[in-house]
Amino acid sequence: MMLTMQEQLNLATDYVMFSQNNLTCYWGNREESTNKQRKNIKEMGYKYRGKNQWLYFLLLRQDIIPII
67 MMLTMQEQLN LATDYVMFSQ NNLTCYWGNR EESTNKQRKN IKEMGYKYRG
117 KNQWLYFLLL RQDIIPII
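For reference, each letter of the sequence shown is one residue, going 67 to 134 in the numbering used here.
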């Protein structure tokens, strides 16, 4: 919500991006997911094949910069 109101609230983009929690769902390729994500997918018994068929999530926490 803060990101959508950034201009109205006169807030810097960097401040807004790192001042909220966010869970994002991605559909992507196998190469885009991390080893940990692929391990979790395998442990849950899911199997994906093909491009843009891999479902994975990315959790961003407030004040933490992700290493991608």
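Cβ coordinates follow ideal geometry from the N, Cα and C atoms, glycine included.
Keep in mind that this is a model prediction, so the values were computed, not measured.
Asn87 is positioned such that its CB atom lies closer than 8 Å to that of Gln128.
Using a C-beta cut-off of 8 Å, the stretch 69–80 makes no contact with the stretch 100–114, since fewer than three inter-stretch Cβ pairs fall below that distance. For Tyr81, the enclosing alpha helix (DSSP H) starts and ends at 79–83.
Under the three-state reduction of DSSP output, Asn106 falls in the helix class.
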